[in-house]
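Numbering of the sequence shown is given in the UniProt record's numbering, commencing with residue 1 and proceeding in unit increments. Cβ coordinates follow ideal geometry from the N, Cα and C atoms, glycine included. A quick write-up on the structure given underneath.
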Amino acid sequence: MATEAILQRLITNPERLKDLVDKAKDVALQSGMVIRTKEKPNSSEVVTYYPFSLFPTPVPKAAFLQALAVQTHFNTLVDKISQDPDFLEEALASTIQADDFTAKLFDIYRHVQQEGRTQPIVVGLLRSDYMLDQGECRTSSLKQIEINTISVAGFGVIDRVPEVHRYLRTCNSVFIIGLTLFNQGNCVLTLVKTWELYVSHLLSAKNNFLSLCRNIPVIRRKFEDVSRRGSLDDDKKLFVCVCIYFYSCETFSLMFWEIGFIRSLAVKLPDIGTQLAGTKKVQQVLSKPGVLEKFFPDQPRVVERIRATFAGLYTLDMGLEGDKTVEMALAAPDQFVLKPQREGGGNNIYGSDICQVLQQVKESTERTAYILMDKIQPTPVQNYMLRRDFPLQISNCDSELGVFGVYVRYVITFSFTKLCSKLMILLVRNYLKCKEPVC
């Protein structure tokens, strides 16, 4: 974090700022923080640096430790939900009437349940995102924004961002001054977020697979390639895939539904139940009294820890409760966020746009495709965002803390759940452009 005085020095000294920025970009490229360009997304001949901020972002130690402590509980919760078809059917009953994509997923989930589970191994890779909500007494509390069970970005490069900041600390006196003034020993200094092309994540995952399974060939294929070349035999073996890693919801095509990925013996990451467990509707249902107790009946402390991270979440189902939510949002839209099922950080609806959307759907079942959430009020931090082809300027930024977790389940005889203690991510967004995530 940089003080106002340090930032002012950089603003009034463009040469020093340019020197610092150039060094940051060079170190980012040298450390492997690279990403393919939007112009040539399928070419490795042209790459650019992964978007990041010039200064690290501080996180209070207490909030950081709280996020770490609760992550394995969220791992367990998601895994339990993914195995509970009755809960998922009840929770998503209204959503699947209004959201076609969720409805297709649930149809496949039903089909798999009716056939019986064919793959006993389940792997989950999650990222739980939080923001620090500033209270009236200038106290902050950790509040969960969402839990990502698919499109879990960041694990391919986040361990390299601190390298950039540490280098800048050693080579630039201005940066050293800034860290000296604000180094309280209670901050965590990692951040990165991009909304562009995540090839580096996939390569990182592939390399990790290679290191674990040195004698097993690892390949990457697009869905359409497997649609043309893949098939299931009578035992539901999918040739030649062993593990399928789902990354982007937008890549699902009609061929995906027909090919039978989900019905195959391939280990899916995530499996269909885990993906459904990550929907916004499930997030909202979990906040209702008594629901967490269903999954942790004899663990009140676990329930307390999970529930402490929940922001206000409200249903838009048809009926009196949903009508009350609509009235509440229309009366004070700036206090809420309207969230579709697959918002992914870029499709949230804010302010007057909430009124526009709800006025159109308030009398229709279309409103059940959304949930309403209290708008978190973090304290903006000034920083420079470094992104290719974007002007260099100081910005007021809101930050999200993302914590990674992983679990493996093999039938009911073995369960492994772990916090990825070295994989934390700070997602930084421009304060004035809520719909455009930046790093």
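Handout entry: Tyr407 - DSSP class collapsed to helix/strand/coil
Key = As a working note, residue 407 is residue 407 in the sequence shown. In the structure shown, Tyr407 sits in a strand (DSSP, three-state: E or B).
Practice task
Find the nearest neighbour of residue 484 within the set Arg9, Ser53, Ser82, judged by alpha-carbon distance.
Solution key: This structure leaves residue 484 out entirely; the chain is present only between 1 and 439.
Problem - Rounded Cβ spacing between Gln382 and Leu7 (contact assumed at less than 8 angstroms) - result: Here residue 382 is taken as the residue at index 382 of the sequence shown, counted from 1. Here residue 7 is taken as the residue at index 7 of the sequence shown, counted from 1. The Cβ separation is near 6 angstroms, so the contact holds.
Problem - Spatial neighbours of residue 483 in its chain, beta-carbon cut-off 7 angstroms, leaving aside the 5 residues before and after - result: As shown, the chain starts at 1 and ends at 439. That puts residue 483 outside it, with no answer to give.
Practice task
Compute the Euclidean distance between the alpha carbons of Met33 and Val161, then round it to the nearest angstrom.
Solution key: By one-based count along the sequence shown, residue 33 stands at place 33. By one-based count along the sequence shown, residue 161 stands at place 161. In a straight line, the C-alpha of Met33 is about 8 angstroms away from that of Val161.
Exercise for the section: Could you pull out every unbroken beta strand (DSSP E) segment of at least 3 residues lying fully inside the region 34–62, listed in chain order? Expected result: 34–36, 47–49
Practice task
Label Gln359 either buried or exposed according to how many other C-beta atoms from any shown protein chain fall within 10 Å of its C-beta, with 16 as the threshold for buried.
Solution key: Looking up residue 359 in the sequence shown gives position 359. Classification of Gln359: exposed, given that the 10 Å Cβ count is below 16.
Handout entry: Span of the beta strand (DSSP E) around Glu366
Key = Position 366 of the sequence shown, counted from the first residue, corresponds to residue 366. Here Glu366 belongs to no beta strand (DSSP E), and DSSP marks it neither H nor E.
Problem - Asn347 - DSSP class collapsed to helix/strand/coil - result: Taking the sequence shown and counting its residues from 1, one reaches residue 347 at position 347. If DSSP states are grouped into helix, strand and coil, Asn347 belongs with coil.
Practice task
Just tell me which of Val27, Lys375, Gln71, Leu77 has its CA closest to the CA of Arg339.
Solution key: The count along the sequence shown starts at 1 and reaches residue 339 at position 339. Per the sequence presented here, residue 339 reads as Lys, with Arg not at that position. Per the Cα distances, Lys375.
Handout entry: Straight-line Cα distance separating Tyr370 from Ile349
Key = Position 349 of the sequence shown, counted from the start, is the residue given in the question as residue 349. Position 370 of the sequence shown, counted from the start, is the residue given in the question as residue 370. Rounded to whole angstroms, Ile349 to Tyr370 spans 10 angstroms at the Cα level.
Problem - Option nearest Thr279 by Cα separation, candidates Ile96, Thr37, Val59, Val70 - result: As a first step, residue 279 is located in the sequence shown; it is residue number 279 there, counting from the start. Nearest option by C-alpha distance: Ile96.
Handout entry: Residue of Phe404, Val164, Arg409, Val408 minimising C-alpha distance to Ala153
Key = Here residue 153 refers to the residue found at position 153 when the sequence shown is read from its first residue. Looking at the Cα atoms, Phe404 is the closest of the given residues.
Handout entry: Extent of the continuous alpha helix (DSSP H) run through Ile272
Key = Along the sequence shown, one-based indexing puts residue 272 at 272. 272–277 is the span of the alpha helix (DSSP H), which, as asked, contains Ile272.
Exercise for the section: Could you say if the region 278–298 and the region 54–71 meet the contact criterion of at least three C-beta pairs nearer than 8 angstroms? Expected result: no
Exercise for the section: Would you kindly check if the distance between the Cβ of Val46 and the Cβ of Ala277 is under 7 angstroms? Expected result: Position 277 of the sequence shown, counted from the start, is the residue given in the question as residue 277. Position 46 of the sequence shown, counted from the start, is the residue given in the question as residue 46. Contact: no.
Practice task
Have a look at Ala103, Asn75, Asp107, Gly312 and flag the residue whose alpha-carbon is nearest the alpha-carbon of Leu125.
Solution key: Against the sequence shown, residue 125 aligns to sequence position 125. Of the candidates Ala103, Asn75, Asp107, Gly312, the one whose C-alpha sits nearest the C-alpha of Leu125 is Asn75.
Exercise for the section: Would you tell me roughly how many angstroms separate the C-alpha atoms of Phe106 and Ile121, rounded to the nearest one? Expected result: The residue you call residue 106 lines up with position 106 of the sequence shown. The residue you call residue 121 lines up with position 121 of the sequence shown. When rounded, the distance between both Cα atoms is 20 angstroms.
Problem - Rounded distance between the beta-carbons of Thr149 and Thr274, thought under 8 angstroms - result: Here residue 274 refers to the residue found at position 274 of the sequence shown. Here residue 149 refers to the residue found at position 149 of the sequence shown. Going by Cβ atoms, the distance from Thr274 to Thr149 rounds to 5 angstroms, so yes, they are a contact pair.
Exercise for the section: Please classify His165: is it buried, with 16 or more other beta-carbons within 10 angstroms of its beta-carbon, or exposed? Expected result: In the sequence shown, the residue the question calls residue 165 occupies position 165. The residue in question, His165, is buried, as its Cβ has 16 or more Cβ neighbours within 10 Å.
Problem - the ligand MG heavy atom lying under 6 angstroms from the CB of Glu45 - result: In terms of ligand content, the structure shown is empty, and the ligand MG therefore cannot be addressed.
Practice task
Please look up how many angstroms separate the CB atoms of Met385 and Val337, rounded, as I've assumed it's under 8 angstroms.
Solution key: Reading the sequence shown from its first residue, position 385 is the one you call residue 385. Reading the sequence shown from its first residue, position 337 is the one you call residue 337. Incorrect: roughly 22 angstroms between the Cβ atoms, too far for contact.
Problem - Sequence-distant residues of its chain with Cβ nearer than 6 angstroms to Gly312 (five each side left out) - result: Taking the first residue of the sequence shown as 1, we reach residue 312 at position 312. Result list for Gly312: Asp374, in chain order.
Handout entry: DSSP three-state assignment for Gln144, whether helix, strand or coil
Key = By one-based count along the sequence shown, residue 144 stands at place 144. Note: Gln144 maps to strand in three-state DSSP.
Problem - Distance between Leu29 and Lys18 (C-alpha atoms, nearest Å) - result: Position 18 of the sequence shown, counted from the first residue, corresponds to residue 18. Position 29 of the sequence shown, counted from the first residue, corresponds to residue 29. Going from the Cα of Lys18 to the Cα of Leu29 covers about 17 angstroms.
Problem - As assigned by DSSP and simplified to three states, the class of Gly402 - result: Taking the sequence shown and counting its residues from 1, the one referred to as residue 402 is at position 402. Gly402 falls in the strand class under three-state DSSP.
Handout entry: Sheet register partners of Tyr384 (DSSP bridge)
Key = Mapped onto the sequence shown, residue 384 falls at position 384. DSSP lists Ile394 as partners of Tyr384.
Practice task
Would you mind working out which of Ser44, Lys281, Arg342 sits nearest Glu90, comparing C-alpha positions?
Solution key: Taking the sequence shown and counting its residues from 1, one reaches residue 90 at position 90. Across the set Ser44, Lys281, Arg342, the C-alpha of Lys281 shows the shortest separation from the C-alpha of Glu90.
Exercise for the section: Work out the CA separation of Arg409 and Asp100 for me, nearest whole Å. Expected result: Locating residue 100 in the sequence shown gives position 100, counting from the first residue. Locating residue 409 in the sequence shown gives position 409, counting from the first residue. Near 29 angstroms, if we compare the C-alpha coordinates of Arg409 and Asp100.
Handout entry: C-alpha gap between Asn42 and Thr48, whole angstroms
Key = Locating residue 42 in the sequence shown gives position 42, where the first residue counts as 1. Locating residue 48 in the sequence shown gives position 48, where the first residue counts as 1. One C-alpha to the other measures close to 13 angstroms.
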